[in-house]
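See structure below.
Residue numbers (the numbering used here), protein chains in the order written: chain A, 12 to 408; chain B, 12 to 408; chain C, 12 to 408; chain D, 12 to 408.
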């Protein structure tokens, strides 16, 4: 716990950690964990346990207040110790980000109707933003928004296609971005709705998110005017509210998962012998675990730093880009080393290490690949230079 | 084609490439491609086509002669262009290595009985060497051999457990290592045999090998004396014959697969637009593809070099270790970049890129993780130094 | 400034930064900056300016109290913005570490005689610990101590050889480790002394430390009993006091230097054009600068974390090993990218970037190469595992 | 020796290697090796020895014929075993490339006057192409040519500035690129000439090239018409002839240097003990040496491949870009590991390892930084894709 983290946050995190290790981890090899995430049935069972333990949605207090980002870091890392942990205690993506967005921007009525059931863990939600590109595939370039929302009296009629929509399959709440005359706008929908048709759920390298990632067609979806979030044209501005925090909670959860993978690899390396000694005593193995220690610590520090920036009320766009790149790439190294240390066992499903490796590979793409973040960081480097040199010429070095 | 590669090799490779691209690749998304490899049914169908095309087991001539290792490199790279290619034309692991071993060491009768059906593509085979370690998992340390073969008149009775036995499930021929009084020995068995029980087939990150990777129990397996390969105690010496070439053919096949993944990524990058231009025109993407070019070329050169060492009759132990490390790690970088270039599509099963990434991750472990090879290379560095300094003291620098 | 850093620390750091940028940086290309560091003459001139600015030894208050490690981080990073900065304001290695050690362990009389002139910036000091190995070269293994100290009435007679003694040439105070009957012990000496003969000053890749790195012979050095630091046999224990903090202040200073190198590279990249645009607008360049941003931030966070551990009174051995590895390797990447961004200018002495690159390469070796730290971290990983499994067997996973 | 290398080449290389190890290496610590390369005096002394050994300019036969590029690879690697070797036997940059260019393009009279003294080792030469950019520094973008050549009767008058001109100081022959009405053109000049003024010799991180790297001003340099190489406007076309081969011979020489650095590091690691055993027996060290083995072999293979492309008469632009990137980056890793293995000794001038590290860092910039090569490789990737898709639309996948 750093000086920016509270005792309350620490206590909740400790409870979540104990719960995830004792109650959630045993389900990791449950056959209901499919390639498109845990089944609805399994989710219900896990949440029942979380509710009993008083740990449902632990980062949102009963009065609707969220823990600080710094405290959330503690709680979500604890939840992430199992790939099933975030689902079990209802802090997974995209729900966590959706709850954050709705908490900040929804009307009271919208909160009652759309937010409350997510917080209670009865509903799952999806965020319909990314669209299939002409060339196929999901995209990082938001200017490509083609889904339209046409006003029809006191309603809107939405049409378009969305790609890579995490959790759409099986969700009860949808937040949908569409283009109105005023620009991009956000809408709330109850799901399922016959006007939102799952074309297919993608088979992806990751498998922790319930509902997987779907391509959906929106065909004449009719939504009442009060189902718009904020005002027409505010879509991108509102989506930004969700952006940096949601990017950061991904980092928190996967840090938890990699911490656990590291524990498993250490345990393996200390028990398994080769060429006459425990493999941890081979520097080739021991050094990998040493590097894991360092990488895991650096991830924690980056996350806590970015969280403290958000807690200070800054938008954190730059900081969360830096953190996303650093953490996702460091965790890939950690997961890869865990696999490598464990040899044949590491590439098998006998432990969660293999799954964590796959999840982190996907994480390096989700919420923007490193290249998009580096691109925007390079722009910032230039922008800062330009602004520091916009003064009279004689200031130039 | 380098100066060490023949026109015949080139012609066979060209035919295999055309066949794999036209006839095999379309099966890549066949539902019979399961997590434990293509089903027996699918294998049969693919081999039917290979037979029609005159391309079954193309690296072994009708007279039983094998192509040179350098020519084999051409052919196996071509076969590897699809994850299904090696199975289709019968050059996959472990059969390719098993055919090589039997061709070099089996008696005529053994060849007729065990080798011929593998070459004809009617039978698949497995190599039962690795054993589960006390701590669980597969191992790189061959001294751990615990399976025993006890003489019983004109027979041997084998007992033990084997782990990570690729293709065991569904194989018709088994080569089994067991410890006799004289030391490690190799045996040939017809499969299935009730005395060889599949405890379970592992779920692994890779999914191209038919039969997957199994843990098997050998319980009182009774084999006639003439089912021993070579003489008692020759097990490790014979296994060595297979070792370097089999390590190298892995490199060949996966080079093919990554070449294809690179083609797919290039195609994607040239078609897909982001931020106003084709993504290949973003240096962040273009540089990744440039690095792929370099890595793929270096893999090719290492493979050809190691093949030429083997063709010169050298054991190639050191060279194949160097090649295994260099190629497996370079191909991981290539596969990872292909995924990254393709973003969401790269982590989905919409192309084979995602599978190739998983396969290559496993390849970094199979046939010895990099660390074991580096360890033996370090020993060689020292050995060479010692032998160059064993002369009188005044020679020391 | 983080929550663990004080306004006082921030104010001192700001003053040091302004001084280093305005007053010290102009000396960077002074011809008195030689390959063995700035000449004594130049050091005197720089310190005169620091004294005038009220910034001599800014991390030690007038009452002898040291700033917290967290505040020291701010000040030393500021000083490090020029390779001459730490010398100018008297926070360089090894003096800074020596002042720390003497402040914690010297008697009042020893402080008056040996510490006071270092703090005032009149004297430089050296730490005589490392010894030449049989095979030549400096070493990370302290068990190799061969220098002896033999009691002779109320004196000690020291004999031995020391290698890689930074700043020995030109120092006025020496702290010398030697083996007495009771074990390793530390002694204080006034320098120069004819019994301590500089065999040679090494030509090294770095060039910022006044006096360079020397090999010295100690021949019948006679020291009074009250020149022993602490008690006989306490040498290693006392040296440990200096170890982690001194390791960390290296990180602080070089972070400053690399921050400045990054500024220079950014400036270059924003001004210089190639192929029709500023090179910062080429992703190949912009991405390198983006990665610098991330690496520099991670270094800062690791340093602040480790400093807060030390401020909490912990020994910080593990944490400073982690920080040394992470920071030295990250700063090497940063310095290398700065060189690369600047092309021909980057490998020339036209800016300090080339020097910073060389200094950081040496830093990766000084205070223990990464491999020694990884080795001790791997031992910690195992130690922690063992201690968590020493409980009854049923606790094992 | 590969199948593309001749016995003659092998024999010459063996003689060069023996000469460099026995006769040249002892001069490595001669005080005449300055920061701007060996002095003219030392060069003369070394060449005297080479002449006596019959090894002056060993890659050019008495009849003026050059060895094949593949054979040249053997010879230049041997010469590069010492940083002084290439100078001693007259195969260093830029002379080697200049001899190649003049051999291909000079008139008989020009050969007699300008080429012969270079081949005989009496003259050194320089290639005046790169110009200082507006923003300062040397450049990879040849479109920036500003030096002019104005016709004046039967003469040309040249004016301009050139930057980073290797070996200009002390050279007797200059090849100068300047812009005529017809475009870029090449001129031959006898040096020194008062119209070519060395503004300054840069202090650079490398120190092997005699004359260092200079910035020169050309002020009304008057050259006779017959001192133009080729025809007006052919400058870039002719420079291209030199480009790929010269890029490749850099790789050859530095491969030799890194091979030697590796030998030194191996010797150190096998002799030096730490923590109870030779450091080579620590995996952390042994693995670095294993990786060196692999990297050195890959460099050799890339060089031989590119050489065989050039020997086949191809321009080799793409291949030499690939090779330059791969080899320069691999050799940097090798040199860095050698430094690291040797600890304090590695960063000192006690062996050539420290120098080789510095030289290779500069090599990563010289002849185009990796980023420029990756940029052109990415263009090639796209170009190839476009050309394979320019056929009728139905061919698209």
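Positions of the beta carbon are idealized from the N, C-alpha and C atoms, including for glycine.
These numbers come from a predicted model, not from an experiment.
Would you kindly report the start and end of the unbroken alpha helix (DSSP H) that includes residue 19 (chain C)?
18–30
Residues bridged to residue 167 (chain A) [DSSP beta-bridge criterion]:
A:162 and A:234
Taking Cβ positions, are residue 61 (chain B) and residue 29 (chain B) nearer each other than 9 angstroms?
no
Any idea what DSSP makes of residue 77 (chain A), helix, strand or coil?
strand
Tell me whether the beta-carbon of residue 44 (chain C) lies closer than 9 angstroms to the beta-carbon of residue 319 (chain C).
no
Have a look at C:353, C:261 and C:191 and flag the residue whose alpha-carbon is nearest the alpha-carbon of residue 376 (chain C).
C:261
Can we say the segment 343–356 of chain A touches the segment 360–379 of chain B, given the rule of at least three CB pairs closer than 8 angstroms?
yes
Member of D:40, D:78, D:34 and D:79 whose CA lies at the smallest distance from the CA of residue 64 (chain D):
D:34
Between which two residues does the beta strand (DSSP E) containing residue 184 (chain D) stretch?
184–191
Whole alpha helix (DSSP H) runs in the segment 75–125 of chain B with 4 or more residues, listed along the chain?
80–90, 96–100 and 106–116
Under the assumption that residue 94 (chain D) contacts residue 367 (chain D) (Cβ atoms under 8 angstroms), give the Cβ distance between them as a whole number of angstroms.
7 angstroms
Closest residue to residue 307 (chain B) among B:291, B:114, B:328 and B:343 (Cα-Cα distance):
B:343
Residues near residue 125 (chain D) in its chain [Cβ-Cβ closer than 7 angstroms; skip 5 each side]:
113, 117, 184 and 199
DSSP state of residue 48 (chain D) mapped onto helix, strand, coil
strand
For residue 309 (chain C), count the other beta carbons within 10 Å of its own beta carbon; 16 or more makes it buried, fewer makes it exposed. Which is it?
buried
Contact criterion: CB-CB distance below 9 angstroms. Does residue 386 (chain D) meet it with respect to chain C?
yes
Answer with buried or exposed for residue 40 (chain B), where buried requires no fewer than 16 other C-beta atoms within 10 angstroms of its C-beta.
exposed
Straight-line CA distance for residue 264 (chain A) to residue 383 (chain A)?
22 angstroms
Using only alpha-carbon positions, find the residue among C:56, C:36 and C:92 that is nearest to residue 270 (chain C).
C:92
Please report how far the alpha carbon of residue 186 (chain B) lies from the alpha carbon of residue 229 (chain A), in whole angstroms.
57 angstroms
With distances taken Cα to Cα, identify the nearest neighbour of residue 210 (chain C) among C:86, C:188, C:174 and C:258.
C:174
Helix, strand or coil at residue 334 (chain B) [DSSP, three-state]
helix
Check the Cβ-Cβ distances between residue 294 (chain D) and every residue of chain A, and say whether any is below 9 angstroms.
yes
Kindly indicate which residue of B:97, B:312, B:192 and B:104 has the alpha-carbon position closest to the one of residue 66 (chain B).
B:97
What number of angstroms, rounded off, separates the C-alpha of residue 328 (chain A) from the C-alpha of residue 171 (chain B)?
59 angstroms
Let me make sure I understand the geometry here. Which of B:223, B:389 and B:36 has the alpha-carbon closest to that of residue 437 (chain D)?
This structure gives no information on residue 437 (chain D), because the portion of chain D shown stretches from 12 to 408.
Mind reading off the beta-carbon distance from residue 48 (chain B) to residue 196 (chain B)? Whole number of angstroms is fine, and I expect it under 8 angstroms.
Between residue 196 (chain B) and residue 48 (chain B) the Cβ distance is about 29 angstroms, and since that is not below 8 angstroms, they are no contact.
Give me the Cα-Cα distance between residue 1 (chain D) and residue 19 (chain B), rounded to the nearest whole angstrom.
A query on residue 1 (chain D) cannot be resolved here, the shown segment of chain D reaching from 12 to 408 and no further.
Span separating the alpha-carbon of residue 179 (chain B) from that of residue 90 (chain B):
22 angstroms
Through-space distance from residue 169 (chain A) to residue 235 (chain A), alpha-carbon basis
11 angstroms
CB contact flag (residue 135 (chain A), residue 256 (chain A), <9 angstroms)
no
What residue range does the beta strand (DSSP E) around residue 136 (chain B) cover?
136–139
Where does residue 280 (chain D) fall in DSSP's three states?
helix
Under 9 angstroms (Cβ pairs) to chain C, residues found in the segment 199–225 of chain D
213, 214, 215, 216, 217 and 224
Once the 5 residues before and after residue 252 (chain C) are set aside, which same chain residues still bring their CB inside 8 angstroms of it?
111, 112, 115 and 116
Compute the Euclidean distance between the alpha carbons of residue 401 (chain C) and residue 395 (chain C), then round it to the nearest angstrom.
10 angstroms
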